[in-house]
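J.:
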Amino acid sequence: MVNPRFLWNTRRRPACRSEDPELFFPVGDSGPALVLIAKAKAVCGRCPLQRECREWAVGNGESAGVWGGLTEEERRALSRRATVTGGHGTAPPAPPHAG
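Residue numbering for the sequence shown follows my numbering, beginning at 130 and increasing consecutively.
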């Protein structure tokens, strides 16, 4: 789901604009909710604003729903990883080889 401010700041239109918002807020993370999560991620996967949406959701601590193709748990994991790695979301560089 794209934050509404993106609608005003770009000519690109979010893929979710014509979808039922309920698709992006499944109840639970098993059974039928997994089908909805997969469908929401498919919409996000074809969206020209996926990166911006994801960055907004992670940066603003959005705690519910699928945003930028990530579930709540995936965003939490990304945030934890970014905290551990100094904000990069990847492993820190290896120290130079002493030798």
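Where is the CB? At the ideal position from N, CA and C, for every residue including glycine.
In the DSSP assignment, what residue or residues form a beta bridge with L199?
T.: Locating residue 199 in the sequence shown gives position 70, where the first residue counts as 1. Answer is W196.
J.: I need the straight-line Cα distance from G197 to R175, nearest angstrom please.
T.: In the sequence shown, residue 197 corresponds to position 68, counting from 1. In the sequence shown, residue 175 corresponds to position 46, counting from 1. So the alpha carbons of these two residues sit roughly 10 Å apart.
J.: Find the nearest neighbour of I166 within the set G194, W185 and R180, judged by alpha-carbon distance.
T.: In the sequence shown, counting from the first residue as 1, residue 166 sits at position 37. Cα-wise, what sits closest to I166 is G194.
J.: Given that a residue counts as buried once 16 or more other Cβ atoms are within 10 Å of its Cβ, and exposed if not, what is A206?
T.: Here residue 206 refers to the residue found at position 77 when the sequence shown is read from its first residue. So A206 ends up on the exposed side.
J.: Does the Cβ of P155 have 16 or more other Cβ atoms within 10 Å, making it buried, or fewer, making it exposed?
T.: For the purposes of this step, residue 155 is taken as the residue at position 26 of the sequence shown. It is buried - the Cβ of P155 has at least 16 other Cβ atoms within 10 Å.
J.: Quick check on the DSSP output: the alpha helix (DSSP H) that includes R183 runs from which residue to which?
T.: Mapped onto the sequence shown, residue 183 falls at position 54. Per DSSP, R183 belongs to the alpha helix (DSSP H) from Q179 to G188.
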